[in-house]
Amino acid sequence: MIYLEGSLLHFRDLLELVSFHLVSRDILPHLLRIPDALRLLHKPELDAVAALGMKFWTMPLKPDDGLGSAEVEEGPVGLDGAPSKSRQAVCSVRITSEDEALCIINPLFVSVHSDASWLDLASSLRRSSSTRGTLRFPNGLGTPQKSGSVKAASRKQGARGSLDHPESPEEEEEEEMEKGDPLLRSTTARRRPLHRSLACSSLEAASEELPLSPDLHLKEIKSPHRVSWIEGIPTTPPPAWPLQKSSSESSLLSENILLPPIPELDSLSVSSVEDETEGLLAAAAAQQKKQRRSSSALSYKVFQRLSAVGSTLSGFLSAERRVSKRVQELAQEPSSYVGGLVQSFVGHILRGAGKRHATSTDLLQEIRQMISNLKGYLCESSELHVVCEQSEAEEMDLGSVVEAALYKCMLKPLRNSIYAQLHEFHAHNGTLDKLREHQATMRRQSLAELGVTAGVPDAAALERIQAKLNLMHQAYSPKKKEAHMLKACKMLYEAMNQAAGGTEPFGADDFLPVLIYMLVNCDVVSVQLDVEYMMELMDPSQLLGEGGYYLTTWFGALFHIENFQPAATVTRQISIEAQRSIHQWHRRRTIHHHHANRRHSQNILYVSFCEPFNNQKTISVPPDMTTASVCAVCAEKYGVSDPESHGLFLVSHGSSLLLAGDSCPQRLRSETLQTQGGLGSFVYKPKDKGLPATAAPPSISNPDRSTEVQEPLKSKDTGQPD
Amino acid sequence: MAASAATSGAGGGAAGGGRSFSFKVVLLGEGCVGKTSLVLRYCENKFNDKHITTLQASFLTKKLNIGGKRVNLAIWDTAGQERFHALGPIYYRDSNGAILVYDITDEDSFQKVKNWVKELRKMLGNEICLCIVGNKIDLDKERHVSIQEAETYAESVGAKHYHTSAKQNKGIEELFLDLCKRMIETAQVDERARGNGSSQSGTARRGVQIIDDEPAAQTSGGCCSSG
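Residue numbers (my numbering), protein chains in the order written: chain X, 381 to 1102; chain P, 436 to 662.
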């Protein structure tokens, strides 16, 4: 006999208990399925299952004997989901309790009807099912049920959005593990004290839980306990939904249909919804992020949620949603220009485009390029104007809305394939081996040897950080990955601060060693791939701020680990490859940015007078401007009365080279840069001043410099040692 | 789109009719010379909830208005330990300015600054505005780097020299204000150069060949040349 705490309703087994609640209390538009393993179990066996903890969910489920699957058909039936075909959980159900009400919520449903309307919708849905309704709320506690549901939804949202609260790993795993509230309470009015609830007994993980919301009844205990699973991918929106919102909600479903299914937990619709909501309800999300996860936060979040809905209706946000939805529609329509491109490109990458590329960077660049091109096209084209007024487009950040939508259309289906290809690249070139090897070495080092001067995260904190890193790894959106990375940074700072008693903020001197310590104690290989993924795929213009800084720092830390030398020998020079990669990254970052005028600083020439760096002037010199013209400008700038006797010299490494009148300093400069990496200074000075000879032959007299000016220009450069 | 892009000019980018600039400034110097305190002092009252700023001083931002020009500074701190020296380039790449800090009581730290200058000039040429900063002037009694020497050196490499005390909040405002003005000047020269319509980005810059996406840069160069 099992029963819920406080409930008079007894059941023979878990199946019955869950089934009852599913039938009587729910609003589920989808098929539910209880893991077979749970069906036959009674108390002792359940305890055994409980002892398995998390492992239970990763254990292969044995197809059962002739009993068939324990499906409870819920909600509008008629899905052709072929329930037994796939055991992949597409959606799961959470049981949560709040005051007297028990609610079992299908997260998909919550996500789809993420606004208030679903609450009203719920009753009609309930009625649509012949099997339930009668048992519902024997005590008439309708309202708590509703608020409870909303809380559950917003709680989820909160967990996702709260930036500044260290969250427990369990909590973070929500994407993967839907939680069941162990304190299931019956809806019956009568209660009685009792022994542990069934669910509770199976929750080993509960003890690891951080103290969370002190909210009396909503005592959340996280567990890997998945109450029931819904099998199969919904192929059609349940016909019973009376509301078709104009927002992107239906796209959630259709996306699952039209795009290649992603065999990762990330495709649990909740995560993607959060994703979307986070992106679109930027304002609300930002507010929520600030919101501490406290007891009051829960009800606050309900309010937040509702007010977010309010703003959606008020138009501005819905414009973003419309755009996002439109982009996704276009991408899924093979006959449209965008759709054709997206689908063939996705197919192309999925078929292993990496093999055509020499490096992982090239592969990622190809993808980024495609995203940038599509984004540029969509932002300019009329395709989006259909759904959004010009004024609206100006008001919102169209670029980032389109960018986010494109992540969804392209990176979501591609993520796994990209990772597999990245992994292959790095397994081949030995990066991963080096990382693993040095990770092992560095783990054995003391904090002092690692150069750590501040506090480091303890085992528990490391575990939380690892959980954050796991989320970072799972995410497909580079933007979202970045957010997780920043959270991990924050957790590191918190650990450092805790040890220091929270005095001064820490700078890079303190942070970098701690970051390295953290990385060698975590899954450094995944992080390596993630950092590369972010660096290359993120919208380059997004990398200018904090995210760009920390991404750079993570890149640096990984570089340090990869090139770690246990002896005191210091890697003085960053490798050519690393430099190249960094450069490419920065280059794209600026190239894609319309205001990257640093790009054009190559038209600037710095010229000094008589001596390097003396009285330096900046002169605008286009690539094809000749030395003679530059000299004319210099003569004017420096007020030289006898320009004929002056010339432009390239001074480097203690030697100076007189430039021929028909050479082009700007080209010479780039050539020098390319061949030498270094750069000399351009000096305007008298031709004979301090020089042993003037008008040297038009060849390069100094063999030393033959590399500098090797055959570059038509110029007949004249060189003279200083 | 256009509007939003305009407010977030890239490194050194001038946007919004040339009245708004975004600059990246990198902080270099040995550990313990006080570079973190320096920048913290400067940005002190600008803690921003949006960032994880309140816990850290590795990345700070500051907005200022200089003669009607809006300037957004992003200040990148670097780890000064010798073992991380090799990571320098990934931080100072594309910086508009560099602040090289030494401790006036520590001769070695001044030597480190000289090394950085050499490296920066080699890697970035003259396109980066250099500031050499002697910090801890509150400890002038223990000075080991002569003012004369430092200033002469700075001049010889085309850098500006400043004296600061993070502890007493001396010289810091001036340092940043001056740096900003110089960076604006450089950016404006840049801008004018583009305005000439002679912009051609086909050439390589900083030692790396630009291949694939150059056309994008060209078109965008054209569109913002009015700025």
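We put the beta carbon where it would ideally sit given N, CA and C, even for glycine.
Sorting X/N877, X/Y856, X/L830, X/S826 by C-alpha distance to the C-alpha of X/A841 places X/N877 at the top. Using a Cβ distance threshold of 8 Å, P/A533 and P/L463 count as a contacting pair.
Annotation: the continuous beta strand (DSSP E) that includes P/T496 extends over 494-501. The C-beta of P/N507 has 16 or more other C-beta atoms within 10 Å across all chains shown, which makes the residue buried. For X/G1027, the nearest beta carbon of chain P is not closer than 8 Å to its own beta carbon. DSSP places P/I567 in the strand class (E or B) of the three-state scheme. Residues of chain X whose Cβ lies closer than 7 Å to the Cβ of P/G466 are, in chain order, D889.
Setting aside the 5 residues that flank it on each side, P/I510 is surrounded in the same chain by V460, V474, L495, each with a C-beta closer than 6 Å to its C-beta; the list follows chain order. P/A509 is bridged by DSSP to P/K459, P/T496. When Cβ-Cβ separations below 8 Å define contact, X/H765 makes no contact with chain P.
With contacts defined as CB atoms closer than 8 Å, X/E804 and X/G727 fail to qualify as a contacting pair. Under the DSSP assignment, P/A589 falls outside any beta strand (DSSP E), being part of the alpha helix (DSSP H) whose first and last residues are 582-591.
Under the three-state reduction of DSSP, X/Y383 is assigned to strand.
Apart from sequence neighbours up to five positions away, the residues of its chain that approach X/D838 with a beta-carbon distance below 8 Å are A875, ordered along the chain.
Excluding the 5 residues flanking it on each side, X/Y383 has same chain C-beta neighbours closer than 7 Å at L389, H390, F391, in chain order. Residue contact check for X/F391 against chain P: no CB pair falls below 8 Å.
At least 8 Å separates the CB of X/H806 from every CB of chain P. Here DSSP, grouped into helix, strand and coil, assigns X/P1066 to strand. With contact defined as three or more Cβ pairs closer than 8 Å, the stretch 754-762 of chain X and the stretch 809-825 of chain X are not in contact. Bounds of the alpha helix (DSSP H) holding X/A868 are 858-880. The Cβ atoms of X/S740 and X/H806 lie closer than 8 Å to each other.
With fewer than 16 other Cβ atoms from the protein chains shown falling within 10 Å of its own Cβ, X/K423 counts as exposed. Sequence-distant Cβ neighbours of X/H940 in its own chain, meaning closer than 7 Å and more than five residues away, are I896.
Put simply, the CB of P/N550 is far from chain X, with every gap to its CB atoms at 8 Å or more. Annotated three-state conformation of X/F944 is coil, per DSSP. Residues of chain X with a Cβ closer than 8 Å to the Cβ of P/F458 do not exist; the shortest Cβ-Cβ separation is about 10 Å.
For X/Q846 and X/S921, the gap between their C-alpha atoms comes out near 28 Å. Taking 9 Å as the upper bound on Cβ-Cβ separation, chain X lies near residues P524, I525, Y526, R528, D529, N531 of the stretch 524-548 of chain P. Per DSSP, the beta bridge partners of X/K997 are X/V987.
The stretch 555-567 of chain P and the stretch 1029-1045 of chain X do not touch, with fewer than three beta-carbon pairs separated by less than 8 Å. A straight line joining the alpha-carbon of X/V782 with that of P/K553 spans about 44 Å. Annotation: the continuous beta strand (DSSP E) that includes P/D538 extends over 532-538. By the neighbour-count definition (other C-beta atoms within 10 Å, threshold 16), P/S581 is an exposed residue. The residues P858, in chain order, have a CB closer than 6 Å to that of X/M918 in the same chain once the five nearest residues on each side in sequence are set aside. Interface residue (Cβ-Cβ distance to chain P less than 8 Å): X/S1061 is classified as such.
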